[in-house]
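A.B. asks: Sharing a structure with you now.
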Amino acid sequence: MQQDHFTGGNLDVWSMPSTGMSWCECGQDHELTAAIVYKFIVEAGYEPRQRLTHGQLADVIAYVWKYSEVCRFFHLAVEQAAKLVHGKVDKTYPLGHSVDIIGYFSKTWQGCPDAACQGGES
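In terms of the working numbering, the sequence shown opens at residue 914 and continues consecutively.
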């Protein structure tokens, strides 16, 4: 059962074990790091010093995961990560929180439970 306790910036995302799917498709099971997330933020077209809006944050996460489309389950997981890292879903996030939200999402993302999002597999 998910706790309703939000840490609001006190969660050490980068020491957490990865419990979700692997973000990297190379088969090497690479661990996502803050440095890699910063690189993705720049590759996605954002300044590494700017606050990210909630929409931009979701866009960067989709970029990290190489998703061209995302579903409601994805957005719910982004919102949960924002609550646990930042304390709430907000309009914008400081860069450090954005990086940690991306890290938390990526370490815990289990994928979409809807078969339609998984290529129609039954």
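Just so it is clear, CB atoms sit at the ideal spot from N, CA and C, and this is done for glycine as well.
#1: Comparing C-alpha positions only, which one of 958, 933, 926, 937 sits nearest to residue 947?
#2: Going by the beta-carbon positions, is the gap between residue 959 and residue 994 smaller than 8 angstroms?
#3: Under 8 angstroms by Cβ, that's how I've got residue 962 and residue 1005 pegged, so tell me the actual separation to the nearest angstrom.
#4: Excluding sequence positions up to five away, which residues of its chain have a Cβ less than 8 angstroms from the Cβ of residue 976?
#5: Around the Cβ of residue 1019, are there at least 16 other Cβ atoms within 10 angstroms (buried) or fewer (exposed)?
#6: Helix or strand or just coil, what does DSSP make of residue 965?
#7: For residue 981, does the count of other Cβ atoms within 10 angstroms reach 16, so buried, or fall short, so exposed?
C.D. replies: In short:
#1: Nearest of 958, 933, 926, 937 to residue 947, Cα basis: 926.
#2: Result no, Cβ atoms of residue 959 and residue 994 do not sit closer than 8 angstroms.
#3: The Cβ separation is near 13 angstroms, so there is no contact.
#4: So the list reads 953, 956, 957, once near-sequence residues are dropped.
#5: By the C-beta density criterion, residue 1019 is buried, having at least 16 other C-beta atoms within 10 angstroms.
#6: Of the three classes helix, strand and coil, the one that applies to residue 965 here is strand, per DSSP.
#7: So residue 981 ends up on the exposed side.
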